[in-house]
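Below is one structure, written out as structure tokens, with a few remarks after it.
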Amino acid sequence: DPASATLFPLVETALQVTLDAGTGYRDRVIVLGAGVLGLLTGLLLQRSGWRPLLAEPQAWRRAMGGSLGVTTAAPEELVKEKVPLVIDASGNPDAAAMALDMLAHEGTLLIASWFGTKPVVLPLGGAFHRRRLVIRSTQVSTIPAQLSGTWTRSRRRREAVELMAGLPLAQLCTHVFAFGHAAEA
1289 DPASATLFPL VETALQVTLD AGTGYRDRVI VLGAGVLGLL TGLLLQRSGW
1339 RPLLAEPQAW RRAMGGSLGV TTAAPEELVK EKVPLVIDAS GNPDAAAMAL
1389 DMLAHEGTLL IASWFGTKPV VLPLGGAFHR RRLVIRSTQV STIPAQLSGT
1439 WTRSRRRREA VELMAGLPLA QLCTHVFAFG HAAEA
């Protein structure tokens, strides 16, 4: 349907984030942010064998994630977590700093959020170095070199189209605005 079709770019982005996450069979991964991108990423990570945990401050978004079968929690409940991978899909410039504390030794923070010109402050002192943490970006505009042998942008688009039929996109379309009011929305 047309409303669900508007989510195609986010499905493709969530697929790229999942590809960039790599393999992690039965490993816990924390996804910061349960907006549409975070929810779709959580669902695709689940299909890939990960055990996603969506960290979201808004209760209604946690409820949405839970209703879709993804485990959710408030970010403050996760201060003791240590996982190999945290994905920042929150759009919050302060979230990445919190994510570094959630990473296990040699863990990776994968940044899916787009901050534009917003400054992001990260604590890159002793704990960051001692624990040998990695910060990496993910971006839908290109296919990373390590995937280029089997993935192309065309293949990713085809896969995203196929995924759309099996994802709860209608449930994620929570607000509708007339095109003329898009800027206000």
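Residues in the sequence shown are numbered consecutively from 1289, following the working numbering. Every residue gets a Cβ at the ideal spot worked out from N, C-alpha and C, and that includes glycine.
- Per the Cβ contact rule, the stretch 1399-1406 is not in contact with the stretch 1343-1354 (fewer than 3 Cβ pairs under 8 Å).
- For the 8 Å CB-CB criterion, L1342 and G1330 form a contact.
- In this structure, C1461 is the residue among C1461, Q1304, A1471 with its C-alpha nearest to the C-alpha of A1293.
- The C-alpha of E1364 lies about 11 Å from the C-alpha of A1383.
- Scanning its chain for C-beta atoms nearer than 7 Å, with the 5 sequence neighbours on each side dropped, one finds around L1455 the residues V1299, L1328, L1331, in chain order.
- For V1319, the enclosing beta strand (DSSP E) stretches over residues 1316-1320.
- When the five nearest sequence neighbours on each side are left out, the beta carbons in the same chain lying within less than 6 Å of the beta carbon of Y1313 are those of G1337, in order along the chain.
- Bounds of any alpha helix (DSSP H) do not take in H1393; it lies within the beta strand (DSSP E) bounded by 1391-1399.
- Looking at the DSSP output, R1424 bridges to L1398.
- For the pair A1453 and F1296, the CB atoms are not nearer than the 8 Å cut-off.
- For V1409, the three-state secondary structure derived from DSSP is coil.
- When DSSP assignments are scanned along the stretch 1324-1396, the uninterrupted stretches of alpha helix (DSSP H) that are 4 or more residues long and fall wholly within it turn out to be 1324-1335, 1347-1355, 1383-1390.
- The Cβ-Cβ distance between A1309 and L1333 falls below 8 Å.
- The C-beta distance from V1428 to T1311 rounds to 20 Å, too long to fall under 8 Å, and the pair is not in contact.
- The closest CA to that of P1372, considering only S1378, V1358, G1379, A1387, is found on A1387.
- Counting along the chain, V1449 sits inside the alpha helix (DSSP H) bounded by residues 1441-1452.
- Per the C-alpha coordinates, the member of T1426, R1420, G1379, A1433 positioned closest to V1408 is G1379.
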